[in-house]
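Participant: Handing you this structure, nothing more for now.
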Amino acid sequence: MCGIAGATAPRGEAVARMLEAMAHRGPDDQGLWVGEHTLGHRRLSIIDLAGGHQPLANEDGTIRVVFNGEIYNYRELREELAARGHRFRTASDTEVLVHLYEDEGPAMVRRLYGMFAFALSTPDGLMLARDPLGIKPLYVGRDRHGALLFASEVGALLPHVETLEEFPAGHYWTEGDGFVRYYELPPVRYDLPSPEAAVEELTARLRQAVRRRLVADVPVGVFLSGGLDSSLIAALVAEARAQTGEPVHSFAVGMEGSEDLERARLVAAHLGTIHHEHVFTREELLALLPEVIRRLESFDAALVRSAVPTYLVSRLARRYVKVVLSGEGADELFGGYQYLKRPEIRARLQDELREITLGLHNTNLQRVDRMTMAHGLEGRVPFLSVTMVDLAWRIPPRWKIHDRTGTEKWILRQAARRFLPAAIVQREKAKFAIGTGVGPTLEAFAEAAVSDREWEAGRRPWPGLELGSKEELLYFRWFCQAFGPGARKAARLVGRSRSLNPHQLYAPAWRAQASGAGTATR
Numbered sequence: 001m002c003g004i005a006g007a008t009a010p011r012g013e014a015v016a017r018m019l020e021a022m023a024h025r026g027p028d029d030q031g032l033w034v035g036e037h038t039l040g041h042r043r044l045s046i047i048d049l050a051g052g053h054q055p056l057a058n059e060d061g062t063i064r065v066v067f068n069g070e071i072y073n074y075r076e077l078r079e080e081l082a083a084r085g086h087r088f089r090t091a092s093d094t095e096v097l098v099h100l101y102e103d104e105g106p107a108m109v110r111r112l113y114g115m116f117a118f119a120l121s122t123p124d125g126l127m128l129a130r131d132p133l134g135i136k137p138l139y140v141g142r143d144r145h146g147a148l149l150f151a152s153e154v155g156a157l158l159p160h161v162e163t164l165e166e167f168p169a170g171h172y173w174t175e176g177d178g179f180v181r182y183y184e185l186p187p188v189r190y191d192l193p194s195p196e197a198a199v200e201e202l203t204a205r206l207r208q209a210v211r212r213r214l215v216a217d218v219p220v221g222v223f224l225s226g227g228l229d230s231s232l233i234a235a236l237v238a239e240a241r242a243q244t245g246e247p248v249h250s251f252a253v254g255m256e257g258s259e260d261l262e263r264a265r266l267v268a269a270h271l272g273t274i275h276h277e278h279v280f281t282r283e284e285l286l287a288l289l290p291e292v293i294r295r296l297e298s299f300d301a302a303l304v305r306s307a308v309p310t311y312l313v314s315r316l317a318r319r320y321v322k323v324v325l326s327g328e329g330a331d332e333l334f335g336g337y338q339y340l341k342r343p344e345i346r347a348r349l350q351d352e353l354r355e356i357t358l359g360l361h362n363t364n365l366q367r368v369d370r371m372t373m374a375h376g377l378e379g380r381v382p383f384l385s386v387t388m389v390d391l392a393w394r395i396p397p398r399w400k401i402h403d404r405t406g407t408e409k410w411i412l413r414q415a416a417r418r419f420l421p422a423a424i425v426q427r428e429k430a431k432f433a434i435g436t437g438v439g440p441t442l443e444a445f446a447e448a449a450v451s452d453r454e455w456e457a458g459r460r461p462w463p464g465l466e467l468g469s470k471e472e473l474l475y476f477r478w479f480c481q482a483f484g485p486g487a488r489k490a491a492r493l494v495g496r497s498r499s500l501n502p503h504q505l506y507a508p509a510w511r512a513q514a515s516g517a518g519t520a521t522r
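Each residue of the sequence shown is one higher than the one before, starting from 1 at the first, in full-length UniProt numbering.
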């Protein structure tokens, strides 16, 4: 995982400054190439530590690439491309991109299995692409001369552009064709004969997704909150490592006496992981808020609440590993949020799950990317493998939220029974901010820090923007301090994420009843 930046024109000075602003995303190396286009890269070395310097070129130097993410099927692609006569100079997964483009052009993006945002400088112009669900971030804008600039983070790009937009997930862009959608969620189709068949297929696909995401030339660990989702991922990591004899490092955080710490210890003992935890205080939590909001690039109260413990657990994990697996996506694919049990939502459950899955790049995926990368740590999300996403729409709603008991993620719990203690399999969904003790602490702090008069005066800071609570007003102030004159431009993207977050804490009508707001997947 890395940081990328560049432009459709020679913009060496601007791109160099963008790379400097994203040094945390790639502390191991950096590269800059200026030609007809500009490509810049900050590298977090995960595969081919010595030979993966970017920008990386094809044999004759006509195609160059900068890349953020991981291509999990790169070995198969590499073998296929070598058989066609392509010569590889590195063992990096990135190099397959330039050779694949030589053979297949922009359509090559459909061959990639992984998480990615990348830019290719080609004789036909610049090409940009982002993975199907937007696991990896990408933003674009135009400068005052009309050139298109791009970067992995808003803060890096903002000072250099007049306009600012998020690059859409599941699309590629070329100078000739503009945006082209290459991925859509698969259609709903119920072709599994029984719950037992669904459990077997789910287990097989998730096991394969986990093992694919263990490929690295550096240590790999797992976030472990003690909830169903992270615990199941940890169990499958432990299963895979048992075959190789490698240890499994697990990581948990929480306030003293928090439920997450207790449940994580139970799972770690059951699986035999080398378990690490950090018990944080109220003072530590509050002191981190401005930094977390700056890194998160959002003032969404729900997102900030879960970002703080994610920041802390990422900081802890980076002391021991360079890659972590996490459980994001399970709630969206398999029906984990409490609000989904409302009768009007259950009547259209699959449509609702599709909507919140498509919004993940603005909610939980943004949180995981920014908080892990703040510490030079790569986060991988097995539940959001395209093979798992495909399976999710083959599972009927009554197997997700059980039609008789109302149990959320029922089918996932059935799969977990063979791997985890009953206390974990049966644990009810709880927000990360609640399980770690963060939520009540932040709510009480904001109530004391923002007076009723300040709230009434500040709740509508700009036309079209209405904040949801005193807590959000507090975060909004720190957001404006972080982004200065560009805060209003950056806030447009936050406003979009808030509208796409149907389970946020503060929202109109039925959405205010949600209980899973911006939560880490547990």
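All C-beta atoms in this analysis are idealised placements derived from N, C-alpha and C, irrespective of residue type, glycine included.
#1: May I ask you to check if the CB of residue 178 is nearer than 7 Å to at least one heavy atom of the ligand GDP?
#2: Which residues in the same chain have their Cβ closer than 6 Å to the Cβ of residue 525, if we skip the five residues on either side of it in sequence?
#3: CA-CA distance, residue 5 and residue 436?
#4: Count the other CB atoms within 10 Å of the CB of residue 55; is the residue buried (16 or more) or exposed (fewer)?
#5: List in chain order: all unbroken beta strand (DSSP E) runs of 3+ residues lying wholly within the region 171 to 223.
#6: Here's the rule: buried if 16 or more other CB atoms are within 10 angstroms of the residue's CB, otherwise exposed. What is residue 105?
#7: Could you check the C-alpha separation between residue 285 and residue 277 for me, to the nearest Å?
#8: DSSP state of residue 68, grouped into three classes?
#9: Between the C-alpha atoms of residue 214 and residue 485, what's the straight-line distance to the nearest angstrom?
#10: Are residue 97 and residue 140 touching if we call contact CB-CB under 8 Å?
#11: Does the beta-carbon distance from residue 326 to residue 223 come in below 8 Å?
#12: With DSSP collapsed to three states, give me the class of residue 321.
#13: Please give the ranges of any beta strand (DSSP E) in the region 63 to 141, keeping only runs that are unbroken, at least 3 residues long and fully inside the region.
#14: DSSP on residue 40, reduced to helix/strand/coil?
#15: Determine, using beta carbons only, whether residue 366 and residue 137 come nearer to each other than 8 Å.
#16: Just confirm the distance between the C-beta atoms of residue 46 and residue 283, as a whole number of angstroms; I'd bet it's less than 8 Å.
#17: Let me confirm a value: residue 410 is counted as buried when at least 16 other C-beta atoms fall within 10 Å, else exposed. Which label applies?
#18: With DSSP as the reference, identify every bridge partner of residue 352, one or two as the case may be.
#19: With DSSP collapsed to three states, give me the class of residue 167.
#20: By Cβ distance, which residues of its chain are closer than 8 Å to residue 510, with the 5 residues on each side in sequence left out?
#21: Among all the DSSP beta bridges, which residues are the ones paired with residue 331?
#22: To the nearest angstrom, how far is the alpha carbon of residue 421 from that of residue 337?
#23: Smallest Cα separation from residue 445: which of 287, 99 and 112?
#24: Quick one: which unbroken alpha helix (DSSP H) runs of 4-plus residues sit fully inside the region 443 to 496? Chain order, please.
#25: Determine, using beta carbons only, whether residue 333 and residue 383 come nearer to each other than 8 Å.
#26: Check this for me: beta carbons of residue 361 and residue 134, under 8 Å apart or not?
#27: What does DSSP give as the partner residues of residue 31 in its beta bridges?
#28: Which residues does DSSP pair with residue 157 in a beta bridge?
#29: Return helix, strand or coil for residue 500, following the three-state DSSP convention.
#30: The alpha helix (DSSP H) that contains residue 289, what's its start and end?
#31: Give the range of the beta strand (DSSP E) segment to which residue 253 is assigned.
#32: Taking only the alpha-carbon atoms, compute the straight-line gap between residue 112 and residue 69 and give it to the nearest angstrom.
#33: Determine the extent of the beta strand (DSSP E) in which residue 7 is found, giving its start and end residues.
#34: So the beta strand (DSSP E) residue 378 belongs to, where does it begin and stop?
#35: Just checking, does the region 228 to 236 make contact with the region 299 to 317 on the three C-beta pairs under 8 Å criterion?
#36: Per DSSP, which one or two residues make a beta bridge with residue 277?
Facilitator: The relevant details are as follows:
#1: Here there are no bound small molecules, and the ligand GDP is not part of this structure.
#2: The shown model of the chain, from 1 to 522, leaves out residue 525, and the question about it has no answer.
#3: Here residue 5 is taken as the residue at index 5 of the sequence shown, counted from 1. Here residue 436 is taken as the residue at index 436 of the sequence shown, counted from 1. Going from the Cα of residue 5 to the Cα of residue 436 covers about 35 Å.
#4: In the sequence shown, counting from the first residue as 1, residue 55 sits at position 55. By the neighbour-count criterion, in which 16 or more other beta carbons inside 10 Å mark a residue as buried, residue 55 falls on the buried side.
#5: 171 to 174, 178 to 181 and 220 to 223
#6: Along the sequence shown, read from residue 1 onward, the residue named residue 105 stands at position 105. Counting Cβ neighbours within 10 Å, residue 105 comes out exposed, since fewer than 16 surround it.
#7: For the purposes of this step, residue 285 is taken as the residue at position 285 of the sequence shown. For the purposes of this step, residue 277 is taken as the residue at position 277 of the sequence shown. Rounded to whole angstroms, residue 285 to residue 277 spans 15 Å at the Cα level.
#8: As a working mapping, residue 68 is identified with position 68 in the sequence shown. For residue 68, the three-state secondary structure derived from DSSP is strand.
#9: Within the sequence shown, numbered from 1, the residue matching residue 214 stands at position 214. Within the sequence shown, numbered from 1, the residue matching residue 485 stands at position 485. When rounded, the distance between both Cα atoms is 42 Å.
#10: Here residue 97 refers to the residue found at position 97 when the sequence shown is read from its first residue. Here residue 140 refers to the residue found at position 140 when the sequence shown is read from its first residue. No; because the gap between Cβ atoms is not below 8 Å, this pair is not in contact.
#11: Mapped onto the sequence shown, residue 326 falls at position 326. Mapped onto the sequence shown, residue 223 falls at position 223. Yes. Within cutoff.
#12: Start at 1 with the first residue of the sequence shown, and residue 321 comes out as number 321. In the structure shown, residue 321 sits in coil (DSSP, three-state: anything other than H, G, I, E or B).
#13: Whole beta strand (DSSP E) segments, 3+ residues: 64 to 71, 114 to 122 and 125 to 130.
#14: For the purposes of this step, residue 40 is taken as the residue at position 40 of the sequence shown. It is a strand residue.
#15: Numbered from its first residue, the sequence shown carries residue 366 at position 366. Numbered from its first residue, the sequence shown carries residue 137 at position 137. Cβ atoms of residue 366 and residue 137: closer than 8 Å.
#16: Walking along the sequence shown from the start, residue 46 turns up at place 46. Walking along the sequence shown from the start, residue 283 turns up at place 283. So it is not a contact: roughly 35 Å between Cβ atoms.
#17: Taking the sequence shown and counting its residues from 1, the one referred to as residue 410 is at position 410. When all chains shown are included, residue 410 counts as buried.
#18: Within the sequence shown, the letter at position 352 stands for residue 352. Its beta-bridge partners do not exist; DSSP assigns none.
#19: If you number the sequence shown from 1, residue 167 lands on position 167. Residue 167 falls in the coil class under three-state DSSP.
#20: Working through the sequence shown from its first residue, we reach residue 510 at position 510. For residue 510, the predicted structure reports a pLDDT of 25, less than 50, and the residue's modelled location is therefore unreliable. A value from the coordinates is still provided. Only 339, 342, 344 and 345 meet the Cβ criterion.
#21: Position 331 of the sequence shown holds residue 331. According to DSSP, residue 331 shares a beta bridge with no other residue.
#22: Taking the first residue of the sequence shown as 1, we reach residue 421 at position 421. Taking the first residue of the sequence shown as 1, we reach residue 337 at position 337. Using only the alpha carbons, I get a separation of about 22 Å.
#23: As a working note, residue 445 is residue 445 in the sequence shown. Cα-wise, what sits closest to residue 445 is 287.
#24: You should have 452 to 458 and 470 to 483.
#25: Numbered from its first residue, the sequence shown carries residue 333 at position 333. Numbered from its first residue, the sequence shown carries residue 383 at position 383. Taking 8 Å as the Cβ cut-off, residue 333 and residue 383 qualify as a contacting pair.
#26: By one-based count along the sequence shown, residue 361 stands at place 361. By one-based count along the sequence shown, residue 134 stands at place 134. Yes; because the gap between Cβ atoms is below 8 Å, this pair is in contact.
#27: As a working note, residue 31 is residue 31 in the sequence shown. Note: residue 31 sits in a beta bridge opposite 41.
#28: Looking up residue 157 in the sequence shown gives position 157. In DSSP, residue 157 forms no bridge with anything.
#29: For the purposes of this step, residue 500 is taken as the residue at position 500 of the sequence shown. A caution first: residue 500 carries a pLDDT of 45, below 50, which makes its placement in the model too unreliable to give a value.
#30: Along the sequence shown, one-based indexing puts residue 289 at 289. In the DSSP assignment, residue 289 falls within the unbroken alpha helix (DSSP H) covering 282 to 296.
#31: In the sequence shown, the residue the question calls residue 253 occupies position 253. That run of the beta strand (DSSP E) goes 249 to 255.
#32: The residue you call residue 112 lines up with position 112 of the sequence shown. The residue you call residue 69 lines up with position 69 of the sequence shown. Looking at the two C-alpha atoms, the distance is approximately 11 Å.
#33: Counting from one through the sequence shown, the residue named residue 7 turns up at place 7. Its beta strand (DSSP E) spans residues 2 to 7.
#34: To locate residue 378, count along the sequence shown from 1; it is residue 378. In this chain, the beta strand (DSSP E) harbouring residue 378 covers 378 to 380.
#35: no
#36: On the sequence shown, position 277 is the one that residue 277 refers to. Partner(s): 252.
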